[in-house]
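Residue numbers (this note's numbering): 194 to 382. Down below is the structure, laid out as structure tokens.
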């Protein structure tokens, strides 16, 4: 698969088969992530692999409660109501029952660890797509995983900064292409 096909074909997948992903594939995904550029070549990323569905269910429940309690008041209108409805639904699991979560965290202080980890996440998701896997960055988990309770749930060191909770698995359905807005381009010179 060429890079153009991977970039234009990758979608956020929210429906997965229960089939697990083998360790060799997981290691190849992480290796692709580590090929990302990073500021001053610090490579400040770590990878926490979670395959335990009971743990993912627990983190989902706790993250939903955290989001509902701390959701910004400025999320207004239909979007805020939609999020509140989703998060308030006991049957909704924020990880969509994917068989695998890879959490990319920053492990070194620095002004660009968020960007560095995000670059690693994109590499991981593109490689996953090239392997026929689906992926999705789970924003609902980020805030909770940055709390002491969230870090404790995944046994993360206090100094780590969780950035990119990425779920992965074999898609049970192919997400439809999403229309893209025309980019706003300004030529400065």
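The beta-carbon is built from N, C-alpha and C at its ideal position, and this holds for glycine as well. Since we're looking at a predicted model, the values are computed, not measured.
- In the structure shown, residue 206 falls within a coil segment according to DSSP collapsed to helix, strand and coil.
- Under the three-pair Cβ rule at 8 Å, the segment 335–349 does not count as touching the segment 223–232.
- In the three-state DSSP reduction, residue 341 falls in the helix class (H, G or I).
- In the displayed model, residue 324 falls within coil according to three-state DSSP, outside both helix and strand.
- In the three-state DSSP reduction, residue 333 falls in the helix class (H, G or I).
- Of the candidates 328, 310, 333, 333 places its Cα closest to the Cα of residue 279.
- For the beta strand (DSSP E) assignment, the uninterrupted runs of no fewer than 3 residues enclosed by the segment 250–305 are, from N- to C-terminal side, 293–299.
- Taken atom to atom, the span from the alpha-carbon of residue 216 to that of residue 293 is near 11 Å.
- In this structure, the CA atom of residue 243 is about 28 Å from the CA atom of residue 196.
- Here residue 371 carries a coil assignment [DSSP, helix/strand/coil].
- Assignment of beta strand (DSSP E) within the segment 225–250, counting only whole runs of 3 or more residues, yields 238–243 in chain order.
- Straight-line measurement puts the Cα of residue 311 at about 7 Å from the Cα of residue 357.
- A contact between stretches requires three or more CB pairs, one per stretch, nearer than 8 Å, and the segment 252–262 fails this requirement with the segment 310–330.
- Under the three-state reduction of DSSP output, residue 314 falls in the helix class.
- Annotation for residue 336: 259, 260, 263 place their beta carbon closer than 7 Å to its own, counting only its chain and skipping 5 residues before and after.
- The DSSP-derived three-state label of residue 360 is strand.
- Pairing residue 219 with residue 254, the inter-Cα distance amounts to about 25 Å.
- Nearest in C-alpha terms to residue 206, of all of 374, 381, 369, 378, is 369.
- If you draw a straight line from the Cα of residue 273 to the Cα of residue 325, it comes to about 33 Å.
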